[in-house]
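Numbering (UniProt numbering), first residue to last: 1 to 234.
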């Protein structure tokens, strides 16, 4: 579950595809879940704000890289998604799609757009975890911290707020984790370098996709007591 970083733009591989390949190589019978299958199509009419778009919406049905086979591409990620919005509909999504694990990469838009500061974003993450468990008490969660982006003059607060949120997130997740419903952090903030890993200062290029996929694979396979992954290939 995520925003544009996870959905990808038409023509991308996406880190989700690279993660699926890594899990398949290790014999992990993973099946992705969610209402959408495609990447974002910027030329399509966009859905109205508020509720997520229905399955099959043309803005969320874009193609992946030409020649790429990704039949198990279901997801719940869309451009512009915020954590403070996602916390209010995650229980319904979990009840409908019944995932065993949630892979969550949210929070950048909240901070970048000034919707939430670090304190409010941490509260939103706490609420998100509780709402997911309301629908599935034994669900596992892998939660990424927020990636840094290249500086923007119009958002001088962003680097400070991302750093503050990322410093405090581990304690929140440790306090939320239980034997019945484990919660683990995926440290994107320390491995993702927007200067080299993005095509526009934030969205992942091929190297960035590989780094994000590797970070999620390592934590998932370790948390699930499965073998550590081999390097995620390009």
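Heads up, the beta-carbon is just placed ideally off N, CA and C, and yes, glycines get one too.
Straight-line CA distance for residue i to residue j?
| i | j | result |
| --- | --- | --- |
| residue 63 | residue 115 | 31 angstroms |
| residue 125 | residue 131 | 10 angstroms |
| residue 73 | residue 110 | 26 angstroms |
| residue 69 | residue 24 | 13 angstroms |
| residue 216 | residue 185 | 9 angstroms |
| residue 223 | residue 129 | 17 angstroms |
With DSSP as the reference, label residue i as helix, strand or coil.
| i | result |
| --- | --- |
| residue 204 | strand |
| residue 16 | helix |
| residue 22 | helix |
| residue 2 | strand |
| residue 136 | coil |
| residue 115 | coil |
| residue 57 | coil |
| residue 176 | helix |
Grab me the residues of residue i's own chain with a C-beta within less than 7 angstroms of its C-beta, minus the 5 sequence neighbours each way, in chain order.
| i | result |
| --- | --- |
| residue 121 | 83, 107, 110, 111, 165 |
Since residue i contacts residue j with CB under 8 angstroms, what's their CB separation in whole angstroms?
| i | j | result |
| --- | --- | --- |
| residue 3 | residue 77 | 6 angstroms |
| residue 75 | residue 6 | 7 angstroms |
| residue 147 | residue 80 | Actually they do not touch by this definition, with Cβ atoms about 16 angstroms apart. |
| residue 134 | residue 179 | At roughly 18 angstroms, the Cβ-Cβ gap does not stay under 8 angstroms, so residue 134 and residue 179 are not in contact. |
Among residues of its own chain, excluding the 5 on either side of residue i, which ones have a beta-carbon nearer than 6 angstroms to its beta-carbon?
| i | result |
| --- | --- |
| residue 44 | 58, 59 |
| residue 30 | 23 |
| residue 219 | 142, 184, 186 |
| residue 15 | 209, 212, 213 |
| residue 149 | 194, 201, 202 |
Can you list, in chain order, the residues of its chain with a C-beta nearer than 8 angstroms to that of residue i? Leave out the 5 residues immediately preceding and following it.
| i | result |
| --- | --- |
| residue 177 | 183, 184 |
| residue 98 | 33, 136 |
* Asked: On the three-pair Cβ rule with 8 angstroms, is the stretch 99 to 114 touching the stretch 57 to 72?
  -> no
* Asked: Does the pairing of the stretch 204 to 222 with the stretch 161 to 177 give three or more beta-carbon distances under 8 angstroms?
  -> no
* Inspect the CB distances between the stretch 193 to 200 and the stretch 83 to 93 and report whether three or more fall short of 8 angstroms. => no
* Spell out a yes or no on whether the stretch 23 to 37 and the stretch 140 to 160 are touching, meaning 3 or more CB-CB pairs, one atom from each, closer than 8 angstroms. => no
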